[in-house]
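Quick notes on the structure that follows.
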C-alpha cells in the first residue's frame with residue numbers, strides 16, 4: 002500500500018513518468034484509493050477493457066468504487082469515457098446496466114441511468130459520447146435483443162462501455178468473462194485525466 006501511495010506522490014510531483022503499476026485489488030486497496038481521491042481531489046476508478054468475439058468494450062468499476070453514490074456516479078461514467086478514448090475509441094456509447102429498460106424509482110440502477118442519460122443529452126460528457134440508461138446487458142450489447150424488446154436508440158445493441166451502479170456487478174461481468182477463457186482483459190486505473198495500466 003505504501004508503494005502505491007509513493008507512486009502517486011512521485012507521479013503528481015513530476016518525478017514518476019511510468020504509467021504502469023502492479024496492484025492486487027482488495028477492500029483495503031479500495032479504501033486506500035478513496036483516501037487518495039480525497040487527498041488529490043480526484044476520483045480514482047478502475048475500468049476493464051475486454052476483447053471477445055471480435056468486439057471491444059469497457060466495464061466499470063470492478064475494483065474501487067464498490068457502492069458509489071448518485072453524486073459520485075457521473076464521475077465514474079466520465080472516467081470510463083476517458084479510458085475508452087485513451088484506448089482509441091472515437092465514439093463512446095455508454096450503457097448504464099440495470100435489470101430493466103424503464104425508469105423505476107425503487108430501483109437504484111435505473112435512477113442512476115436516467116440521471117446520467119439526461120446529463121449526456123445536455124453534452125455534459127463531451128462530444129462523440131452517447132450515454133443511455135437504464136439498459137439491461139443483453140439490450141446494451143445485442144442488436145437482436147434490442148430489436149426484440151423494441152429499444153431502438155443510439156446505444157441499444159451498440160454499447161461499447163458498460164457502467165454499473167455497484168462494483169459487485171461490474172466485477173461479476175469481468176470475472177465471468179475471464180472464467181469463460183474467451184476474453185482478453187486489461188485493467189486500467191484512472192483519475193479522469195491520467196490513465197494507468199495495471200499489470
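In the working numbering, the protein residues as written are 2 to 200.
Just so it is clear, CB atoms sit at the ideal spot from N, CA and C, and this is done for glycine as well.
- Assignment of beta-bridge partners to residue 53 by DSSP yields 56.
- With fewer than 16 other CB atoms across the displayed protein chains lying within 10 angstroms of its CB, residue 119 is exposed.
- Residue 135 and residue 102 have their C-alpha atoms some 5 Å from each other.
- The beta-carbon separation of residue 199 and residue 190, rounded to 6 Å, stays under the 8 Å limit for a contact.
- Within the stretch 101-180, the beta strand (DSSP E) runs of at least 3 residues that lie entirely inside it are, in chain order, 130-136 and 162-164.
- 90 is the residue among 68, 51 and 90 whose C-alpha sits nearest the C-alpha of residue 128.
- With fewer than 16 other Cβ atoms inside 10 Å of its own Cβ, residue 41 counts as exposed.
- Apart from sequence neighbours up to five positions away, the residues of its chain that approach residue 81 with a beta-carbon distance below 7 Å are 48, 59, 61, 95, 162 and 164, ordered along the chain.
- With a threshold of 16 other beta carbon atoms within 10 Å, residue 142 meets it and is buried.
- Straight-line measurement puts the Cα of residue 138 at about 8 Å from the Cα of residue 100.
- With fewer than 16 other beta carbons inside 10 angstroms of its own, residue 106 counts as exposed.
- It is roughly 10 Å from the alpha-carbon of residue 114 to the alpha-carbon of residue 78.
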